[in-house]
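Working notes, structure below.
Numbering (this note's numbering), first residue to last: 30 to 217.
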């Protein structure tokens, strides 16, 4: 996985609540076992019409919005436990998803795949959407080591499991983390 410590980026707003994993990556695209290529089908049924043409109404098809950060409504990643949802977000280029609530399994899958699920209060989430609406070029600064989010006049801290924090900062998956302890294990 890539190292993730400080993210400075604009954001893509998706103010929809209860986005489930089947909306993130529809089940018909889960046949591959490699993580590559899932980004092209991220939010497939919202991004494309039935005939395969792009839906100009969907935010990912709007050149106005881009960046490594997706800001989504409450209860992001609910539904089935498919890890492919995290794969598709990462393959598309997102490093962070900001929401006021994440489904537990999605949160774990995101962290295991190098994506920070950054949870903020509902009031902060509404403020963030308002900031993006006012200026889509607003820069977000996220520091994983300090566990801070700065955007506009907002500066908040966020919770992050200490183990997952180490993994994100160093680009470790679970095996890499264990290998990083090899010398200490051998010494013991």
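Where a beta carbon is used, it is the ideal one built from N, C-alpha and C, also for glycine. Computed from a predicted model, the values in this text were never measured in an experiment.
Hey, could you find the ends of the alpha helix (DSSP H) residue i is sitting in?
i	result
residue 184	Residue 184 -> not in any alpha helix (DSSP H); beta strand (DSSP E) instead, spanning 183 to 186.
residue 135	133 to 141
residue 209	203 to 209
residue 55	Per DSSP, residue 55 belongs to no alpha helix (DSSP H) and is neither H nor E.
residue 197	191 to 199
Within the same chain, show all residues whose beta-carbon is closer than 6 Å to that of residue i, passing over the 5 residues directly before and after it, in chain order.
i	result
residue 94	41, 88, 165
residue 58	70
residue 102	44, 45, 46
Three-state secondary structure (DSSP) at residue i?
i	result
residue 64	coil
residue 32	coil
residue 88	helix
residue 217	coil
residue 248	With the chain covering 30 to 217 only, the question about residue 248 has no answer from this structure.
For residue i, tell me which candidate among the options has the shortest Cα-Cα distance.
i	options	result
residue 97	209, 34, 78, 109	34
residue 191	182, 183, 204, 173	173
residue 38	171, 187, 212	171
residue 104	144, 92, 75, 154	154
residue 56	134, 83, 80, 117	117
residue 159	213, 61, 183, 107	183
Counting only the same chain and skipping the five closest in sequence on each side, list residues whose C-beta sits under 8 Å from that of residue i.
i	result
residue 66	120
residue 73	54, 55, 58
Where do the ends of the beta strand (DSSP E) carrying residue i lie?
i	result
residue 169	169 to 172
residue 148	145 to 148
residue 98	98 to 101
Residues in its own chain within less than 7 Å of residue i by CB, not counting five upstream and five downstream?
i	result
residue 32	198, 199, 200
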